[in-house]
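J.: Supplied in structure tokens, the structure appears directly below.
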Amino acid sequence: MTHLETDVLVIGAGGAGMYAAIEAARGGAKVILADRSLIGRGGATIMAQMTVAVALGEQEPDDWEHHYADTLAAGRGLCDPALARLLCEEGPEVIREMDDWGVGWARQDGSKRGPMKQAFAPGHDRPRCVYVDFLNTGPAVSKTLRTRLIRTPEIRRVGDLLVSELVMRDGECVGAVALHLATGQPVTISAASTVVATGGLTRLYQRNSASANMSGDGYALCLAAGAELVDMEFVQFFPIGHLAPRLIGMDPIMWDPFRYKLGGRLLNGNREEFVHNYGASDDGKYVVTRDLATYAIVKEVEAGRGSPHGGAWLSFEHCSEAQLRAAAGPVIDRLAKNGIDLTKQAIEVAPIAHYHMGGVKADASMATRVAGLFAAGEAVGGANGANRLSGNAITEALVFGRKAGRSAVDRASRQGAVRADASVFDVAAARLLRGKSVRESNPAALIEELQSLMQKEVGPFRTGAGLGRALGRIEAIQGELPGMKPPAGKPYDTELADWLDLSTMLCVARCVAGSALSRTESRGAHQREDFPGMDAAWQTNQVIA
Numbered sequence: 005m006t007h008l009e010t011d012v013l014v015i016g017a018g019g020a021g022m023y024a025a026i027e028a029a030r031g032g033a034k035v036i037l038a039d040r041s042l043i044g045r046g047g048a049t050i051m052a053q054m055t056v057a058v059a060l061g062e063q064e065p066d067d068w069e070h071h072y073a074d075t076l077a078a079g080r081g082l083c084d085p086a087l088a089r090l091l092c093e094e095g096p097e098v099i100r101e102m103d104d105w106g107v108g109w110a111r112q113d114g115s116k117r118g119p120m121k122q123a124f125a126p127g128h129d130r131p132r133c134v135y136v137d138f139l140n141t142g143p144a145v146s147k148t149l150r151t152r153l154i155r156t157p158e159i160r161r162v163g164d165l166l167v168s169e170l171v172m173r174d175g176e177c178v179g180a181v182a183l184h185l186a187t188g189q190p191v192t193i194s195a196a197s198t199v200v201a202t203g204g205l206t207r208l209y210q211r212n213s214a215s216a217n218m219s220g221d222g223y224a225l226c227l228a229a230g231a232e233l234v235d236m237e238f239v240q241f242f243p244i245g246h247l248a249p250r251l252i253g254m255d256p257i258m259w260d261p262f263r264y265k266l267g268g269r270l271l272n273g274n275r276e277e278f279v280h281n282y283g284a285s286d287d288g289k290y291v292v293t294r295d296l297a298t299y300a301i302v303k304e305v306e307a308g309r310g311s312p313h314g315g316a317w318l319s320f321e322h323c324s325e326a327q328l329r330a331a332a333g334p335v336i337d338r339l340a341k342n343g344i345d346l347t348k349q350a351i352e353v354a355p356i357a358h359y360h361m362g363g364v365k366a367d368a369s370m371a372t373r374v375a376g377l378f379a380a381g382e383a384v385g386g387a388n389g390a391n392r393l394s395g396n397a398i399t400e401a402l403v404f405g406r407k408a409g410r411s412a413v414d415r416a417s418r419q420g421a422v423r424a425d426a427s428v429f430d431v432a433a434a435r436l437l438r439g440k441s442v443r444e445s446n447p448a449a450l451i452e453e454l455q456s457l458m459q460k461e462v463g464p465f466r467t468g469a470g471l472g473r474a475l476g477r478i479e480a481i482q483g484e485l486p487g488m489k490p491p492a493g494k495p496y497d498t499e500l501a502d503w504l505d506l507s508t509m510l511c512v513a514r515c516v517a518g519s520a521l522s523r524t525e526s527r528g529a530h531q532r533e534d535f536p537g538m539d540a541a542w543q544t545n546q547v548i549a
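If you read the sequence shown in this note's numbering, its first letter stands for residue 5, the second for the next number, and so on.
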């Protein structure tokens, strides 16, 4: 068994985790940045091909308070004011720092230092969102942060680590135990401060825009360690996730920027525009918030007016090839390789699980109620309330990552050189090693069953009966789980990795479904068919401890 020691341990190497590690190292800490996949190539940030909301005021006058007001409005009365303010107020600073690091934000005059382009996005009162041209925002952000990591010798990057447990001593988090996937052996890491930056939970759903490691790991880890979770019922479904024809090597949520650049028309199966029938105005522009667009598409499908594959049509057929190339550049050629010509055909889109507003309850320093434990990025709940404003995700990752790194190094410096002894980790490591030698289970099949169950019963629109059915099945599988665990020790043991994922996913799914069942109203991304409309009595955040 390998034992490592560090000042700051960061779990998760997406945008939030990388920024947290960089900031902690700048503060003088030795850092271990751990991820179950390749460092800087997993998580959600690298997949985010669209825009970043920030009140730079480079295209027209703006202020963080305007961004803050739009964030609160989108959150339907449930945003944590301190977290939302932090996101909006410090957003410009991190975006300008990323600019200094060479991320390549698009400029209005095409130069390297001119005013940044700022696009309009749904829910904003003015053009506010920066981007890197032609669906390259997330990859460019990730590449820029990876470059900074490589140039920072104080950061040790360790991939192939699936963290199974946060380790506690006298009420404080002192590090973690992980499965090294390549060898099958436990790795223990002692740290003065631990930052959980593991992203969201959208892998719980059959249709999702997540990478394979977005299983809600951080939520389950923090809950087991004694931290609180908040707003777990609020799962955002992106309304126009790609459905058909087949699309290879491209992000299923890529259509968003083109729709609001080009006025893509959202049509039902009868080729009729329909969003205006659901209390929203579209008028050929992408101005409808995601929850309302999702509702409209699902209702058209339920009414028998869906597209052939069970979604809606998104049409750019009114645009010339020149217009499309001006907006999409080389993306048009990539689409052509997939057999898609947007001047001659519409594509089918449908809601897809995309983001989670809930998560670990943390204060504005990113500290949880557990001493030594911090959270960052999408792992943190509360900033976005019941519905995330378009463009806030990367801003949140960078701002919260930087803040978590800063807070973690402050605590590590106060703790001095004292670290938990390797023996403190023995019990948790032994738990990972134990298991049944005879393998009769199929956790991968149960993951697929859970994803189907969540899509059907805990998706964009919910009922008490459906949520009850989901909880019943989740609890039944959880009852079977302990007797199914394989022991650690086998290299590249996909069955053990699936079992660990299933354990996490069941825990988190139960939190989501239980919170959704308790909230007897419809608000933002949480829509109850049996309780339509917002209830003022429910303008409160649900907390799980």
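Every residue, glycine too, gets a C-beta built ideally from N, C-alpha and C.
What whole-angstrom Cβ distance do K494 and G163 have, given they're in contact under 8 Å?
T.: Start at 1 with the first residue of the sequence shown, and residue 494 comes out as number 490. Start at 1 with the first residue of the sequence shown, and residue 163 comes out as number 159. That pair is no contact at about 19 Å.
J.: How many angstroms separate the CA atom of E232 from the CA atom of G203?
T.: Numbered from its first residue, the sequence shown carries residue 232 at position 228. Numbered from its first residue, the sequence shown carries residue 203 at position 199. About 16 Å.
J.: Using beta-carbon positions only, say whether R250 and A357 come within less than 8 Å of one another.
T.: Mapped onto the sequence shown, residue 250 falls at position 246. Mapped onto the sequence shown, residue 357 falls at position 353. No.
J.: Using the Cα positions of W68 and G61, report the straight-line distance between them to the nearest angstrom.
T.: Here residue 68 refers to the residue found at position 64 of the sequence shown. Here residue 61 refers to the residue found at position 57 of the sequence shown. Near 9 Å, if we compare the C-alpha coordinates of G61 and W68.
J.: Note the first and the last residue of the continuous beta strand (DSSP E) segment covering E176.
T.: The count along the sequence shown starts at 1 and reaches residue 176 at position 172. From DSSP, the beta strand (DSSP E) with E176 extends over E176 to H184.
J.: Nearest by alpha-carbon distance to K303: which of S324, H280, H322 and E321 is it?
T.: In the sequence shown, counting from the first residue as 1, residue 303 sits at position 299. For K303, the nearest C-alpha among the options comes from H280.
J.: Which residue spans inside the region 237-272 form an unbroken alpha helix (DSSP H) run of at least 4?
T.: As far as the region 237-272 is concerned, its whole alpha helix (DSSP H) runs of at least 4 residues are 259-266.
J.: Within this structure, are the beta carbons of T508 and A224 separated by less than 8 Å?
T.: Walking along the sequence shown from the start, residue 508 turns up at place 504. Walking along the sequence shown from the start, residue 224 turns up at place 220. In this structure, A224 lies closer than 8 Å to T508 by Cβ.
J.: What residue from E169, T198, L510 and D497 has the CA that sits closest to S411's CA?
T.: To locate residue 411, count along the sequence shown from 1; it is residue 407. It is T198.
J.: Buried or exposed: D505, going by 16 or more other Cβ atoms within 10 Å of its Cβ?
T.: As a position in the sequence shown, residue 505 is number 501, starting the count at 1. Under this definition D505 is a buried residue.
J.: Cα-Cα, which of M254, H313, D104 and A284 is closest to N342?
T.: The residue you call residue 342 lines up with position 338 of the sequence shown. For N342, the nearest C-alpha among the options comes from M254.
J.: Could you check how far apart the C-beta atoms of P131 and E64 are, in whole angstroms? I think they sit under 8 Å.
T.: Within the sequence shown, residue 131 is the residue found at index 127, counting from 1. Within the sequence shown, residue 64 is the residue found at index 60, counting from 1. The Cβ separation is near 7 Å, so the contact holds.
J.: Give the DSSP-derived three-state secondary structure of D11 in the structure shown.
T.: Start at 1 with the first residue of the sequence shown, and residue 11 comes out as number 7. Note: D11 maps to strand in three-state DSSP.
J.: Per DSSP, F465 is paired with what?
T.: Here residue 465 refers to the residue found at position 461 when the sequence shown is read from its first residue. Answer is Q531, bridged to F465.
J.: Are the CB atoms of A24 and G405 within a distance shorter than 8 Å?
T.: Taking the first residue of the sequence shown as position 1, residue 405 is located at position 401. Taking the first residue of the sequence shown as position 1, residue 24 is located at position 20. Contact: yes.
J.: Evaluate S526 with the Cβ neighbour count: other Cβ atoms within 10 Å of its Cβ, from every protein chain shown; 16 or more gives buried, anything less gives exposed.
T.: In the sequence shown, counting from the first residue as 1, residue 526 sits at position 522. S526 comes out buried.
J.: Tell me whether N281 sits in a helix, a strand or coil according to DSSP, three-state version.
T.: Within the sequence shown, the letter at position 277 stands for residue 281. Looking at N281 - three-state DSSP - the assignment turns out to be helix.
J.: Comparing alpha-carbon positions, which option in W503, C323 and F429 lies nearest H7?
T.: In the sequence shown, residue 7 corresponds to position 3, counting from 1. The shortest C-alpha separation from H7 is found at F429.
J.: Using the Cα positions of N140 and R263, report the straight-line distance between them to the nearest angstrom.
T.: Taking the first residue of the sequence shown as position 1, residue 140 is located at position 136. Taking the first residue of the sequence shown as position 1, residue 263 is located at position 259. Computed Cα separation, rounded: 16 Å.
J.: Is the region 83-90 touching the region 382-399 in the sense that three or more CB pairs, one from each, lie closer than 8 Å?
T.: In short, these stretches touch, since the Cβ pair count reaches three.
J.: Can you check whether the CB of T49 is closer than 8 Å to the CB of S146?
T.: Along the sequence shown, one-based indexing puts residue 146 at 142. Along the sequence shown, one-based indexing puts residue 49 at 45. Result yes, Cβ atoms of S146 and T49 sit closer than 8 Å.
J.: Quick one: using the 10 Å Cβ neighbour count with 16 as the cut-off for buried, is Q349 buried or exposed?
T.: Here residue 349 refers to the residue found at position 345 of the sequence shown. Answer is exposed; the Cβ neighbour count stays below 16.
J.: Please return the same chain residues whose Cβ sits closer than 7 Å to the Cβ of A371, not counting the five positions on each side in sequence.
T.: To locate residue 371, count along the sequence shown from 1; it is residue 367. Contacts found: F378 and S411.
J.: Considering just the uninterrupted stretch of the beta strand (DSSP E) at A52, what are its terminal residues?
T.: As a position in the sequence shown, residue 52 is number 48, starting the count at 1. Per DSSP, A52 belongs to no beta strand (DSSP E) and is neither H nor E.
J.: Looking at the structure shown, is F378 part of a helix, part of a strand, or coil, going by DSSP?
T.: Here residue 378 is taken as the residue at index 374 of the sequence shown, counted from 1. The answer is strand: DSSP assigns F378 an E or B state.
J.: Where are the alpha helix (DSSP H) runs, 4 residues long or more, that stay fully inside the region 301-342, in chain order?
T.: Segments of the alpha helix (DSSP H) lying fully in the region 301-342: 325-332 and 335-341.
J.: According to DSSP, simplified to helix, strand and coil, what is R435?
T.: Against the sequence shown, residue 435 aligns to sequence position 431. Of the three classes helix, strand and coil, the one that applies to R435 here is helix, per DSSP.
J.: Would you identify the three-state DSSP class for S168, choosing helix, strand or coil?
T.: Position 164 of the sequence shown holds residue 168. Correct three-state label for S168: strand.
J.: By the three-class DSSP mapping on this structure, what secondary structure does R45 have?
T.: Position 41 of the sequence shown holds residue 45. DSSP places R45 in coil when its eight states are reduced to three.
J.: Of all the options M51, L82, R418 and E9, which has the alpha carbon lying nearest to the alpha carbon of G362?
T.: Within the sequence shown, numbered from 1, the residue matching residue 362 stands at position 358. Of M51, L82, R418 and E9, the residue nearest in Cα terms is L82.
J.: With a 10 Å radius around its C-beta and 16 neighbouring C-beta atoms as the bar for buried, classify D104 as buried or exposed.
T.: Locating residue 104 in the sequence shown gives position 100, where the first residue counts as 1. D104 comes out exposed.
J.: Flag this pair as touching only if the region 233-243 and the region 321-328 have three or more C-beta atom pairs under 8 Å; answer yes or no.
T.: Judged by Cβ distances under 8 Å, the region 233-243 makes no contact with the region 321-328, as fewer than three pairs qualify.
J.: Only counting the same chain, and skipping five residues up and downstream in sequence, which positions put a Cβ closer than 6 Å to that of A78?
T.: Here residue 78 refers to the residue found at position 74 of the sequence shown. G127, N391 and L393.
J.: Mind checking whether L270 and F320 have CB atoms under 8 Å apart?
T.: Position 266 of the sequence shown, counting from 1, holds the residue named residue 270. Position 316 of the sequence shown, counting from 1, holds the residue named residue 320. Contact flag unset, no.
J.: Does the beta carbon of G253 sit closer than 8 Å to a beta carbon anywhere in chain C?
T.: The structure shown contains no chain C; it holds only a single protein chain.
J.: Return yes when the Cβ of H246 is within less than 8 Å of the Cβ of V353, no when it is not.
T.: For the purposes of this step, residue 353 is identified with residue 349 of the sequence shown, where counting begins at 1. For the purposes of this step, residue 246 is identified with residue 242 of the sequence shown, where counting begins at 1. Going by C-beta atoms, V353 is nearer than 8 Å to H246.
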